[in-house]
Structures are given as C-alpha cells and as structure tokens.
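Remarks on the structure that follows.
Residue numbers (my numbering), protein chains in the order written: chain A, 1 to 110; chain B, 1001 to 1115.
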C-alpha cells in the first residue's frame, strides 16, 4: 500500500467554482502534513501546512482528519491561475522522510 | 534572496556513463533532500542530509547511487553506470532545520535523460 494516495484527476472546473481534493495516508503516526503546488515542468512549492484544527489561507482551506487518516484541500472561487498539480505530503514519524502523493491535476476553465 | 539552485538544468547521457548532479541549498539551511520524479509519478525520496551527515539513505534505489555534502552546503548526487530507468527529474530541496515541520524549498531540478 502506498504511504500517500491521491485521486490523480484531472479536475476540470469553471472559474469561480469550488473544488475539493482528498488525500489518504497509511501511517497513523504521521506527524506533519502539507499541500504543495506544482506547475507544469516546475518545482513544487509549499501551498500550506495542514494543522490539526484545520486552517485557512484566503481562498484555500485545509483540513486534517486523523481518525480517518485523510487530509483535504478546498479551493473556493477558483481562478485560472489555480491550474496546477496539487501534491499531498506527509511526514513519517521516523524523522525526515517525506512522502509525496502523485498529485491531483486541476484545470480551471474560463 | 537566492533560492535553491541546481546544475545542470538538463543532462543527456549515454547508458553506462556516470553523471554528477549538483545542488546549492539556501544559505543557512542545514537540512537537504534529494528526490526524483519520473513522468506521471510522485516525488520519490532518495536521501536526506543534516549538515554533512546522511542519517537516512534508505531511498537510494541501488548502489549505483551515492551522494555527499560538504561544508554543510553544496551536495552532489552521483549516478554510476546510468541506466535508462534512471531518466527522471532530480529535485533537491533544503529546509532551515531538521524538524519535520520545517518547510522544504525546492530547486528547479535537473532533467536527466539516459539514452
């Protein structure tokens, strides 16, 4: 079983739509969680960390559900510039090994 | 300020040749990571450095792969006797410290093609 699993999509949504991605992880002792964004042929960049209580950054909301071992990312009022691949990242409790999901592709359509 | 830099940006080599990939982390960052990303795949962890030490080499796919870091700064990933399955983008990331909540900052990657 993979450490981190994501629906690869693609998700094609119109501008202004709300879209949500989920990601599941297998290690119940995982300590830290992140969403990264990767544009085509570019390096990943941190979008936001995911905290136990959930957190929001503008149009982006991240949630963590430890009981069900999943994290989610909600994007409201989608913009064309949100088109990218969104990577779910989980840190193993054994130190500094980070597990990346294969990413969910989002295309926002005019 | 300067971000993580990697060189070369692209490398085409013949099967069986050795290659060296370089990473310059952000100044002051003590932790450094190497990953590789194959087409349509997620990032695969290769190795992690804290300072010049590599406490976790578990991700290196074979003994053809090795890495070192000197002066707590620049790191080199070496692939000996390259194979076609080594073709991928090799990404380096650095973070301020070893804590698992520290944000990783990625370089632009080296695209390796083995013919």
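In this text, a Cβ means the ideal position worked out from N, Cα and C, and glycines have one as well. As the structure is a computational prediction, the values presented were derived from the model and not from experiment.
- Across the structure, residue 45(A) and residue 26(A) are spaced so that their CA atoms are roughly 23 Å apart.
- In the DSSP assignment, residue 1089(B) falls within the unbroken beta strand (DSSP E) covering 1088 to 1095.
- Under the 10 Å beta carbon count, residue 109(A) is surrounded by fewer than 16 other beta carbons and is classified as exposed.
- Shown here, residue 1060(B) sits in coil according to DSSP, grouped into three states, outside any helix or strand.
- Beta-bridge partners assigned by DSSP to residue 36(A): 46(A), 87(A).
- Residue pairing by DSSP places residue 20(A) opposite 74(A) in a beta bridge.
- Residue 1048(B) has 1033(B), 1056(B) as its beta-bridge partners, per DSSP.
- Using a 10 angstroms sphere on the CB of residue 1041(B), the tally of other CB atoms stays under 16, which defines it as exposed.
- In this structure the segment 1060 to 1079 of chain B does not lie against the segment 82 to 93 of chain A, because fewer than three pairs of beta carbons, one per stretch, are closer than 8 Å.
- By the rule that beta-carbons nearer than 7 Å mark a contact, residue 97(A) touches chain B.
- The C-alpha of residue 70(A) lies about 21 Å from the C-alpha of residue 1045(B).
- Note that the segment 1091 to 1098 of chain B touches the segment 1011 to 1029 of chain B; at least 3 beta-carbon pairs, one per stretch, sit closer than 8 Å.
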